[in-house]
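Be aware that the sequence shown starts at 26, since it is given in our numbering, and climbs by one per residue.
Every residue, glycine too, gets a C-beta built ideally from N, C-alpha and C.
Worksheet: one structure, shown below.
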Amino acid sequence: FMFPMLIIGIFYLLVFRPQQKKMKEHQAMVAALRRGDMVVTQGGLVGKVHKVKDDNEVELEIAENVKVRVVRGSIAQVLSKTEPAAS
């Protein structure tokens, strides 16, 4: 009885915990997106955040006057952050 529980416990620590941590980090990164941030989507598009439309959508400028709408969850990486406005 103890051996299967031990295996499940080790599996949880080695697989599920790191995955949950990565998911939380990704959610925090996506929630912090702001206008001017350079990002890469999961599809490989590189662009600058032009507008944060709502909780689920971001408008990226991928070339001059070329804008695309993407789902926030598809942002894979933030290449550079804009500095906060001085108050």
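Item	Value
Boundaries of the beta strand (DSSP E) in which ARG94 is found, first to last residue	91 to 96
Cβ-Cβ distance between VAL55 and ILE100 below 8 Å	yes
Cβ-Cβ separation, VAL77 to VAL103 (assumed contact under 8 Å), whole Å	Their Cβ separation, rounded to whole angstroms, is 13 Å, which puts VAL103 and VAL77 out of contact at 8 Å.
Straight-line gap, ARG97 to PHE28 (C-alpha atoms, nearest Å)	42 Å
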